[in-house]
Amino acid sequence: MPTGREEIWRFTPIKTFKPVLSEVAPESSQQASVIDVDIKGADGVTVTDLAAGELQELAETPQDRLSALAAADPHAVNRRVVIPAEATFKAPVEVTVTGRNDEVSCHHNVVVEIGNHAESTLIVRHRGVAHLGENWTFRIGDGAQVTVLFVQEWDDAAIHGAQISFEIGRDATVRTAQASFGGKAVRISQTASYTGPGGNLTQLGAYFADAGQHIEHRLFVDHNAPSTESHVDFRGCLQGKDAHSVWIGDVLIRPVAQDIDTYESNKNLVLTEGCRADAVPNLEIQTGNIRGAGHSASTGRFDAEQLFYLQARGIEEAEARRLVVHGFFTDIVRKIGVPEISEELVARIEAELVENLGSSTAVEEG
């Protein structure tokens, strides 16, 4: 059991996450009633159950205690999703994980295989209430074009920890996004590596931490192939006493990874007193023959000039703050580029603002 003094756990409230760090796996009869996993895809998408042996062979190696427990649980819900090579799907594959019980912890493992030159979008939603530990492995073929979006919209009592791994093929283009708004405590560890040169990865994130809520995103990009790219842009808002966000961005550029380009950025906007945002960007560069590598992280309050500009034009302070927050997230929503989810994300951001600043006719009409 972690103590909280380990580097990978030092920002995580161990006591809060204890239900998903427990060594005791639930009984199969109990597990079945904890979560429902609904996977909908177009014709040609194959969904099958995974046996424990198959999971060990296909899934990414667990990186921490939480992911190891999920992988080893004999009663976990395990699925395999296969998108065939050359396939092009206009409609997204949708996975909905619905929690039914927060008294029994449960585990969930999914392996997604996307064939060479396939084009697809996958949307994963987490809803309801549960104590859930899970692993996701995405094996993305050469030349594929893939968008993967995770939306955390848990109820207030939910505790969720996950490892999400991407293996990116030669000349593949991958866009991922994390939208984290619900739950008592959420910890997402996301890793990426390349199986050939030319892979292009964009990782986006938007999160909103309320009073007493912990939202943690940990990212690791392993540039283990030449001529690869990675770009990270995560943005979050915090409001209320003891609201806590954590963003860790690690990039490793190996000696073989020549002619690569990478940049990671995290921005946090503090709306009220009593919040805490931890942001730690890291670069380890083992070769000098690269196109570019950089990182940045910032945490601050509202821009006084922006508020003054809006208030000078007759907009009340509360409404001005709402407009600033909407502008803060708009760029991320635009970059995600999934029409099916854009309106949903904007509505979720507005719901968070209503909770703190009250309703707004102006924003709704705009």
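Going by the numbering used here, the sequence shown opens with residue 1284, and the numbers climb by one from there. We put the CB at the ideal spot given by N, CA and C, even for glycine.
Exclusion of the five residues before and after Ala1603 leaves Leu1590, Leu1593, Gln1594 as the residues of its chain whose Cβ lies within less than 6 Å of its Cβ. Out of Phe1517, Glu1547, Ala1587, the CA that lies nearest to the CA of Asp1614 is found in Phe1517.
The beta strand (DSSP E) runs lying completely inside the segment 1477-1521 and spanning 3 residues or more are 1483-1492, 1497-1506, 1512-1521, given in chain order. By the CB criterion at 8 Å, Leu1349 and Leu1415 fall outside the cutoff. In the DSSP assignment, Lys1298 falls outside any beta strand (DSSP E) and lies within the alpha helix (DSSP H) extending over 1297-1300.
Distance from the Cα of Thr1344 is smallest, within the candidate group Asn1392, Glu1512, Ile1406, for Asn1392. Ala1489 and Ile1619 have their C-alpha atoms roughly 10 Å apart.
Two segments are said to touch when three or more pairs of C-beta atoms, one from each, lie closer than 8 Å; by this definition the segment 1473-1481 does not touch the segment 1359-1378.
DSSP places Arg1363 within a strand segment (E or B) once states are collapsed to three. By DSSP's assignment, Gln1428 forms a beta bridge with Glu1402, Thr1456. Here DSSP, grouped into helix, strand and coil, assigns Gln1446 to strand. The segment 1386-1402 and the segment 1323-1340 touch, with three or more beta-carbon pairs separated by less than 8 Å.
In the structure shown, Gly1610 adopts helical secondary structure according to DSSP, grouped into three states.
Taking the Cβ atoms as the reference, Leu1487 lies roughly 14 Å from Thr1456, outside the contact range of under 8 Å. Between Val1621 and Thr1430, the beta carbon gap of about 6 Å places them in contact (Cβ cut-off 8 Å). Short of 7 Å from the beta carbon of Met1284, and not among the five residues preceding or following it, lie these beta carbons of its own chain, in chain order: Leu1304.
Distance from the CA of Val1320 to the CA of Arg1574, rounded to the nearest whole angstrom, comes to 42 Å. With fewer than 16 other CB atoms across the displayed protein chains lying within 10 angstroms of its CB, Ser1581 is exposed. The distance from the Cβ of Glu1450 to that of Phe1421 is about 7 Å, consistent with a contact at the 8 Å cut-off. Apart from the 5 residues on each side of it in sequence, Lys1524 sits with its Cβ closer than 6 Å to the Cβ of Ala1494, Gly1557 in its chain, given in chain order.
In terms of Cβ geometry, Ala1355 and Asn1418 do not form a close pair [threshold 8 Å]. Where Ala1580 is concerned, there is no enclosing alpha helix (DSSP H), although the beta strand (DSSP E) around it starts and stops at 1575-1583. When DSSP reads this structure, Tyr1546 sits in a beta bridge with His1514, Gly1577. Excluding sequence positions up to five before and after Thr1379, its CB lies within less than 7 Å of the CB of Asp1321, Arg1408, Arg1410, all in the same chain and listed in chain order.
Within the same chain, no residue comes within 6 Å of Val1539 by CB-CB distance, once the 5 residues on both sides are set aside. In the structure shown, Val1616 adopts helical secondary structure according to DSSP, grouped into three states. The residues Val1515, Gly1532, Val1534, Pro1564, His1578, in chain order, have a CB closer than 7 Å to that of Glu1547 in the same chain once the five nearest residues on each side in sequence are set aside. In the three-state reduction of the DSSP assignment, Arg1537 falls in the coil class. Closest option to Asn1483, judged by alpha-carbon separation, among Asp1454, Ala1462, Ile1471, Trp1530: Asp1454. With distances taken between CA atoms, Leu1432 lies nearest to Ala1462 out of Val1412, Ala1445, Ala1462.
The three-state reading of DSSP puts Ile1624 in helix, counting H, G and I together.
In terms of Cα proximity to Trp1437, the closest of Ala1413, His1527, Val1328 is Ala1413. Ala1441 and Gly1382 do touch by the CB rule: their CB atoms are close to 6 Å apart, below 8 Å. The straight-line gap separating the alpha-carbon atoms of Ala1576 and Asn1384 is approximately 44 Å.
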